[in-house]
Amino acid sequence: MVKVAIAGVGELVQEVIRILLEGGRHEVTALSRKESPGNHPSGLRWCKIDYDNKQQLTQTLRRFDVVLSFILVFSDEAYQAQLNLIDAVVQAGVKRFSPSEWWVSVLDHYPMCGYKVQTRQYLENLNKNGKVLEYCLFTPRIFMDYLSPPEKLSERNLSHSGLFIDFDKCRAVLPEEMDAVVSFTAIDDFTAIVSEALEYKDEWPVIGGISGNKLTISDLLQLGERI
0 MVKVAIAGVG
10 ELVQEVIRIL
20 LEGGRHEVTA
30 LSRKESPGNH
40 PSGLRWCKID
50 YDNKQQLTQT
60 LRRFDVVLSF
70 ILVFSDEAYQ
80 AQLNLIDAVV
90 QAGVKRFSPS
100 EWWVSVLDHY
110 PMCGYKVQTR
120 QYLENLNKNG
130 KVLEYCLFTP
140 RIFMDYLSPP
150 EKLSERNLSH
160 SGLFIDFDKC
170 RAVLPEEMDA
180 VVSFTAIDDF
190 TAIVSEALEY
200 KDEWPVIGGI
210 SGNKLTISDL
220 LQLGERI
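The opening residue of the sequence shown carries number 0 in my numbering; numbering runs sequentially from there.
The structure is reproduced here in structure tokens:
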């Protein structure tokens with residue numbers, strides 16, 4: 000049984016926790032700044048932590064094998080919280096870590112992902128002179144579930160994501176290069192891979208490279224027209 004700590008909140012976290020708890024294969028603990036809501040999934044452990052307190056973080060993480068970060072790093076505060084988490088993971092001797100990299104692999108065209116780029120550099124520097132931390136950027140690309148109509152999204156407790164194409168409202172924001180390839184992954188496939196990765200015996204690759212279906216923008220648009 001792998002002891003895994005999950006830092007952060009959000010819709011994707013709920014899906015990951017649901018899969019990891021199935022079958023009792025893993026011991027899952029949610030790390031949160033807030034107290035337990037009391038209605039979290041059966042089997043989920045809850046730990047209130049302070050991301051600004053590295054000493055407390057380190058002490059808390061000593062018993063875990065893996066830490067998965069889902070911290071939304073879109074602000075200075077969140078970025079620093081993830082850096083503190085990384086430092087605590089190293090100090091606590093946690094075997095494996097995954098930063099908040101649950102989207103695309105190439106970030107150069109997305110200004111809002113600047114903190115993610117800096118986090119990658121921080122992790123690279125950690126291992127610059129020798130392996131300090133085993134980590135993986137899972138980068139599952141775009142979740143195809145968000146192409147679903149609103150009623151299907153609500154069944155999974157997912158919200159409208161604002162993708163560049165909206166089948167339900169028959170509209171899209173299209174790039175000049177219609178032959179550009181976009182990669183989509185189902186959330187269920189992604190969470191299953193994460194679950195298997197926790198028990199993977201060999202060393203994690205730095206680049207996870209999860210990829211499901213690949214379509215060109217043109218193919219995707221034609222699919223929407225047929226629907």
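Where a beta carbon is used, it is the ideal one built from N, C-alpha and C, also for glycine.
What are the boundary residues of the beta strand (DSSP E) that includes Leu67?
65-68
Tell me the start and end of each unbroken alpha helix (DSSP H) in the region 179-210 that is at least 4 residues and wholly inside, in chain order.
186-197
Based on the DSSP output, what are the partners of Cys46 in its beta bridges?
Leu30
For Thr215, name the three-state secondary structure that DSSP assigns.
strand
Within a Cβ cutoff of 7 Å, which residues of the same chain sit near Glu34, ignoring the five residues on either side of it in sequence?
Exclusion of the five residues before and after Glu34 leaves Lys47 as the residues of its chain whose Cβ lies within less than 7 Å of its Cβ.
DSSP three-state assignment for Ile18, whether helix, strand or coil:
Under the three-state reduction of DSSP output, Ile18 falls in the helix class.
What residues in its chain sit with their C-beta under 7 Å from that of Phe228, if we drop five residues either side in the sequence?
Outside the displayed span of the chain (0 to 226) sits residue 228, for which this structure offers no information.
Determine the extent of the beta strand (DSSP E) in which Lys2 is found, giving its start and end residues.
1-6
With a threshold of 8 Å, are at least 3 pairs of Cβ atoms found where one atom belongs to the region 116-136 and the other to the region 194-214?
yes
Measuring alpha carbon to alpha carbon, tell me which residue in Pro148, Glu175, Ser182, Ile141 is nearest Phe166.
Pro148
If I'm right that Leu122 touches Ile85 with Cβ under 8 Å, what's the distance once you round it to whole angstroms?
Indeed, because the Cβ distance is near 7 Å, the residues count as touching under 8 Å.
Bounding residues of the alpha helix (DSSP H) (the contiguous stretch that carries Asp86)
75-91
Considering just the uninterrupted stretch of the alpha helix (DSSP H) at Thr138, what are its terminal residues?
Under the DSSP assignment, Thr138 falls outside any alpha helix (DSSP H); it carries neither an H nor an E label.
What residue from Gly207, Gln120, Leu60, Thr190 has the CA that sits closest to Tyr78's CA?
Gln120
Would Ser97 and Gln81 qualify as a contact pair, given that the criterion is a beta-carbon distance under 8 Å?
no
Rounded distance between the beta-carbons of Ser194 and Ile18, thought under 8 Å:
5 Å
Taking Leu157 as the reference, which of Glu10, Ala4, Met0 has the closest Cα?
Glu10
According to DSSP, is Glu175 part of a helix, a strand, or is it coil?
coil
Would a C-beta distance cut-off of 8 Å place Gly207 and Thr184 closer than the cut-off?
no
Taking just the CA atoms, how far does Val89 sit from Asn128?
15 Å
What are the boundary residues of the alpha helix (DSSP H) that Leu56 is part of?
Segment 53-60, the alpha helix (DSSP H) holding Leu56.
Same chain, Cβ closer than 8 Å to Leu20, five either side skipped, listed in chain order:
Val27, Pro40, Ser41, Gly42, Leu43
Just checking my contact of Asp64 with Val1 at CB under 8 Å: how many whole Å lie between their CB atoms?
5 Å
With DSSP run on the structure shown, which of helix, strand or coil describes Asp167?
coil
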